[in-house]
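Heads up, the thing below is written out as structure tokens.
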Amino acid sequence: MRCTINKKRDHIPVRIEKGIGPFSHLKIEERPELLIIKTETSYKTYSSGVLGTGITETDTFYNRFVHKDYYSDTPSLEYEQYLMKENVRHEQIVGLMTAVWLKERAIYCYEGYGVRVASVITAGVGNAVDITADEAVPFYSSPGTINMFFFVEGTLTDAAFLQLFIAATEAKTKTLSQLGVIDPATKTIATGTSTDSISVAASQQGPLYEYAGSMTALGQAVAKLVKISLEQALKEKR
614 MRCTINKKRD HIPVRIEKGI GPFSHLKIEE RPELLIIKTE TSYKTYSSGV LGTGITETDT
674 FYNRFVHKDY YSDTPSLEYE QYLMKENVRH EQIVGLMTAV WLKERAIYCY EGYGVRVASV
734 ITAGVGNAVD ITADEAVPFY SSPGTINMFF FVEGTLTDAA FLQLFIAATE AKTKTLSQLG
794 VIDPATKTIA TGTSTDSISV AASQQGPLYE YAGSMTALGQ AVAKLVKISL EQALKEKR
């Protein structure tokens, strides 16, 4: 895949390949209810998931499937108990949760312009929501249905980590708009689902990325990884 080049705005031609590609250090184990992603070394990670929230360092990442009627007053504790029952590592890990079948995950990678980044994304829009709608009110929500993991080979500043969250979110919202995804409660274009999660992990070795905004190769790579992944995942469901 090659994006359209807009020379006036100096966009970078980002090419995306399906699968892990050159990321031999990234290992994925698939279980019926647990997708396990491991890196050879600990990665510095910013995450908004259920376990390992905020800033941490880990080499183990989980995307856990739960049914749409899942409910727990203490989801982080319940998640840890589930991992112990599965006899897998449960401390100092990053754990996201989804009601999307894990076999529908989209895995892509990009390598070029000094950038190496891979993504693992699951997506569904059964609980789509327009966060900007005036009539939107708090309501009980099911587990996150757009979960995005990004693995960057390089050293990110704190600003770059946060800018990748922005890039991924902007790309998610734009792609949902292009696909015509509607918030069923407000009948307006959805901006996401009610409990989306993002994990950005970097090896903190190799090239330094001070910034990762929309005019950088790294920011554009992540945005286009989101776009192609959501198109794959959601067009198959529509």
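One point on numbering: in the numbering used here, the residue at position 5 of the sequence shown is 618, and numbering is uninterrupted. Beta carbons: idealized from backbone N, C-alpha and C, even for Gly. Model, not experiment: these values are computed from the prediction.
Query                                                                                                                                                        : Result
Determine the direct distance from the alpha carbon of Lys698 to that of Ile841, and round the result to whole angstroms.                                    : 35 Å
Should Leu821 go down as buried or exposed, given a rule of 16 or more other Cβ atoms within 10 Å for buried?                                                : exposed
For Ile802 and Lys785, which I take to be in contact (beta-carbon distance under 8 Å), what is that distance rounded to the nearest angstrom?                : About 12 Å separates the two Cβ atoms, so there is no contact after all.
Around the Cβ of Lys837, are there at least 16 other Cβ atoms within 10 angstroms (buried) or fewer (exposed)?                                               : buried
Put Glu691 into one of helix, strand or coil per three-state DSSP.                                                                                           : helix
Check this for me: beta carbons of Asp796 and Asp743, under 7 Å apart or not?                                                                                : yes
If you compare alpha carbons, which of Gly832, Lys848, Gln845 is closest to Tyr726?                                                                          : Gly832
So which of Ala798, Gly805, Thr799 has the shortest CA-CA distance to Gln791?                                                                                : Gly805
Work out the CA separation of Glu844 and Ser799 for me, nearest whole Å.                                                                                     : Going by the sequence as given, residue 799 is Thr instead of Ser. For Thr799 and Glu844, the distance between alpha carbons rounds to 23 Å.
Let me know the secondary structure DSSP gives Val835 once reduced to three states.                                                                          : helix
Does the Cβ-Cβ distance between Leu639 and Ala773 come in under 7 Å?                                                                                         : no
Under the three-state reduction of DSSP, which class applies to Asp771: helix, strand or coil?                                                               : helix
For the pair the region 699 to 708 and the region 717 to 725, tell me if three or more CB-CB distances fall below 8 Å.                                       : no
Pull up the DSSP beta-bridge partners for Ser810, would you.                                                                                                 : Asn760
Contact defined as beta carbons within less than 8 Å: I believe Arg643 pairs with Leu715. What is the distance between those atoms, to the nearest angstrom? : At residue 643 the sequence reads Glu, which differs from the Arg that was named. Contact flag correct, Cβ pair sits at about 7 Å.
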